[in-house]
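Before any comments, here is the structure.
Written as structure tokens, this is what we have:
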């Protein structure tokens, strides 16, 4: 249990997937102009990450990792080099399926998240979380917690950024620094603030 | 006709400076930030990306009349993923240390928006030779920023370049200290912000 809490705190604050590992920057910069869209995309990313990370864990451990095919009679096959292409296919398929399921059974949620779902398939935070899950040797439960809390951390960062950008409209930014430049510097300052949490030990 | 006026020349050189993929088109920022702690990883990453981008542009442009419109994204992703697997295996075989340091970021070339963006906007509608040039040009534009940030961060953050100490010991003896800040994540964000500011100010004049 303690282990799970520490994974949660670590992936929300200290090792925030956006501010410490720079994943999902493109949509972070493009979508953080308005508060409502930022919240919508944040929720969608959290939702997709909490599903794709455990599913990719199952795929990796029962199909791809060295010796994983022992149940099918191929104990010496190592397919782990295929993980990039399989993971991205799994993510694209899940996103597509989710879009259809939500559209059919949960129309209000579809109105809130629908526009963002197709964008998510190529968000590097999603693929990145699956690859980190392999690299850090999480077990199944840990991968569920890791996926959900990384998504939550990403959402926290994009919503904060949307808030700051709202205020930024009234600021007098130097000409060449407008938009992209100033967003990067603000993100840097946010990353510094999040690093302060690294003092927390459980 | 002078060589600088030909179309091929233009396709090759505009993305290096004017419409640079990172600072002009705001694409592919994730990896630009993550791999620039050291110059060596920045260069290896640039090479890997330029290779994947050039080949994917070429292949997709060759197949552009065969790819059905509705499933083009999947086809593009398959081509890119195959090339990335190839690049990753080559790095693992010949540069194992660097590939360990790059960790997941080689794999993330798949979702790097530069590659899909160029495939969508350029390779799908242009002949193979021009697409190849466009791919190499964009790859070099990306490398240019990556290497600049890599030099800045390694020089100020560790006083080294390529792992060799550049700042003499006498400086440290006189009280100079490395900016540990540059090695950490916030340093990367701020360094890129400042480089973009510089580039925009210079290119306007």
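Residue numbers (the numbering used here), protein chains in the order written: chain Y, 62 to 263; chain Z, 30 to 234. Yeah, the Cβ is synthetic: ideal placement off N, Cα and C, and Gly gets one too. Just so it is clear, the structure is predicted and the values come from calculations on it, not from any experiment.
Where residue 173(Z) is concerned, the enclosing alpha helix (DSSP H) starts and stops at 157–187. Between residue 217(Z) and residue 65(Z), the gap from beta carbon to beta carbon is short of 8 Å. Under the 8 Å criterion on CB atoms, residue 221(Y) is classed as non-interfacial with respect to chain Z.
Secondary structure of residue 76(Z) (DSSP, three-state): helix. If the five residues before and after residue 134(Z) are omitted, its C-beta is found closer than 6 Å to the C-beta atoms of 60, 63, 64, all from its own chain and listed in chain order.
In the structure shown, the three-state DSSP call for residue 193(Z) is strand. Beyond the five residues adjoining it in sequence on each side, residue 137(Z) comes within less than 7 Å, by CB distance, of 59, 60 in the same chain, given in chain order. Cα atoms of residue 177(Y) and residue 212(Y): separation of roughly 14 Å, rounded to the nearest angstrom. Residue 229(Z) reaches chain Y at 236, 237, 238, 239, 241, 242, counting residues in chain order whose Cβ is nearer than 9 Å.
No Cβ-Cβ contact shorter than 8 Å links residue 43(Z) with residue 169(Z). Annotation: Cβ neighbours of residue 248(Y) in chain Z (cutoff 7 Å, chain order): 218.
By the Cβ neighbour-count rule, residue 230(Y) is exposed, with fewer than 16 other Cβ atoms within 10 Å of its own.
DSSP places residue 183(Y) outside both helix and strand once states are collapsed to three, so it counts as coil. Interface criterion not met: the Cβ of residue 203(Y) is under 8 Å from no Cβ in chain Z. Remark: fewer than three beta-carbon pairs, one from each stretch, lie closer than 8 Å, so the segment 79–91 of chain Y and the segment 110–130 of chain Y are not flagged as touching. Not a single C-beta of chain Z is nearer than 8 Å to the C-beta of residue 68(Y). Taking CB atoms only, residue 189(Y) has a neighbour in chain Z less than 8 Å away. Ranked by how close their Cα comes to the Cα of residue 93(Z), the residues 211(Z), 157(Z), 123(Z) have 157(Z) in first place.
Listed along chain Z, the residues sitting closer than 8 Å to residue 145(Y) by beta-carbon distance are 110, 113, 114, 117, 136, 139. Beyond the five residues adjoining it in sequence on each side, residue 139(Z) comes within less than 8 Å, by CB distance, of 106, 109, 110, 113 in the same chain, given in chain order. Minimum Cα-Cα distance from residue 187(Y) among the listed residues 236(Y), 108(Y), 64(Y) corresponds to 108(Y).
Collapsing the DSSP output to three states places residue 78(Y) in coil.
CA-to-CA, the gap between residue 219(Z) and residue 249(Y) works out to about 6 Å. The beta-carbon of residue 152(Z) is placed no less than 8 Å from the nearest beta-carbon of chain Y. With respect to the C-alpha of residue 186(Z), the residue from 174(Z), 164(Z), 99(Z), 214(Z) having the closest C-alpha is 214(Z).
The three-state secondary structure of residue 52(Z), taken from DSSP, is coil. Look at residue 183(Y): its C-beta is under 8 Å from a C-beta on chain Z.
Going by DSSP, residue 97(Y) is part of the alpha helix (DSSP H) stretching over 96–120. Looking from the CA of residue 100(Z), the closest CA among 245(Y), 224(Y), 154(Y) belongs to 154(Y). A direct Cα-to-Cα measurement between residue 202(Y) and residue 111(Y) gives close to 11 Å. When the Cα atoms are used, residue 178(Z) and residue 191(Z) turn out to be separated by approximately 13 Å.
Of the other Cβ atoms in all chains shown, 16 or more fall within 10 Å of the Cβ of residue 228(Z); this residue is therefore buried.
A contact between stretches requires three or more CB pairs, one per stretch, nearer than 8 Å, and the segment 151–166 of chain Y meets this requirement with the segment 180–199 of chain Y.
Close partners of residue 226(Z) in chain Y (Cβ separation under 8 Å): 235, 237, 238, 242. Around residue 216(Y), no beta-carbon contact reaches into chain Z at under 9 Å, the shortest distance being about 17 Å. In this structure, residue 243(Y) sits away from residue 93(Y), with a CB-CB distance that is not shorter than 8 Å.
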